[in-house]
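Novice: The structure follows.
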Amino acid sequence: GGARLSKGLITPVQLRDQLTHIRERKVLVVKVVDVTDFHGSFLNKVRDVVGGNPILLVLTKVDLLPPGTDMDALREWVEEEVVGKRRLTLAGVVCVSGRSGEGMQQAVGAMFTSRKGRDVYVLGSAN
């Protein structure tokens, strides 16, 4: 999946250009981010794409975190990164594991709760 040109993957700039219409609509953006590479899997200048639309942040690969990781502290750190530093509108943070399925029902539930009748766009990056 993903956006492609006829001869391969597109650049981040081309992707942003293709997605800028999102900022003109009232939508919920579900942003999927690898918790083990938060900054590397977070699209730079995502505000250019989403505008003021709310973002439901889904942190993946939580099963790879060290045992005993304080998930509340992780969520607080993520909120500071997203709201404080990037100045994005955060609808919520959900931690999931694709391997174990942990948190998946909560992620789907949070999406339906946060949607409020709006279309949903899912953004993420392969790594």
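So the number in our numbering is just where the residue sits in the sequence shown, counting from 1, plus 18. Here a beta-carbon is modelled for each residue, glycine too, at the ideal position from N, C-alpha and C. None of these values were measured; they are calculated from a predicted model.
(1) For Asp7, does the three-state DSSP call read helix, strand or coil?
(2) In terms of alpha-carbon separation, which member of Arg43, Gln32, Phe130, Phe56 lies closest to Val100?
(3) Is it the case that the Cβ atoms of Arg34 and Arg65 are separated by a distance below 8 angstroms?
(4) Pull up the CB-CB distance for Thr38 and Val76, whole angstroms please, since I reckon it's below 8 angstroms.
(5) Quick one: which unbroken beta strand (DSSP E) runs of 3-plus residues sit fully inside the stretch 66 to 113? Chain order, please.
(6) Under 8 angstroms Cβ to Cβ from Gly69, same chain only, skipping five residues before and after it: list those, please.
(7) Hey, could you find the ends of the beta strand (DSSP E) Val53 is sitting in?
(8) On a CA-only basis, which of Gly86, Gly58, Arg133 is nearest Val45? Give me that one, please.
(9) Reducing DSSP to helix, strand and coil, say where Leu46 ends up.
(10) Could you compute how far the alpha carbon of Pro72 sits from the alpha carbon of Asp90?
Specialist: Looking at the coordinates:
(1) Not covered by the structure: residue 7. The range shown for the chain is 19 to 145.
(2) As a position in the sequence shown, residue 100 is number 82, starting the count at 1. The shortest Cα separation from Val100 among Arg43, Gln32, Phe130, Phe56 belongs to Phe56.
(3) Within the sequence shown, residue 34 is the residue found at index 16, counting from 1. Within the sequence shown, residue 65 is the residue found at index 47, counting from 1. Contact: no.
(4) By one-based count along the sequence shown, residue 38 stands at place 20. By one-based count along the sequence shown, residue 76 stands at place 58. So it is not a contact: roughly 22 angstroms between Cβ atoms.
(5) 72 to 78, 107 to 113
(6) Start at 1 with the first residue of the sequence shown, and residue 69 comes out as number 51. Answer for Gly69: Ile40, Arg41, Glu42, listed in chain order.
(7) In the sequence shown, counting from the first residue as 1, residue 53 sits at position 35. That residue, Val53, is in no beta strand (DSSP E); it is neither H nor E in DSSP.
(8) Looking up residue 45 in the sequence shown gives position 27. The candidate whose alpha carbon is nearest that of Val45 is Arg133.
(9) Translated into the one-based positions of the sequence shown, residue 46 becomes position 28. Note: Leu46 maps to strand in three-state DSSP.
(10) On the sequence shown, residue 72 is found 54 positions in, with the first residue counted as 1. On the sequence shown, residue 90 is found 72 positions in, with the first residue counted as 1. Cα-Cα distance, rounded: 21 angstroms.
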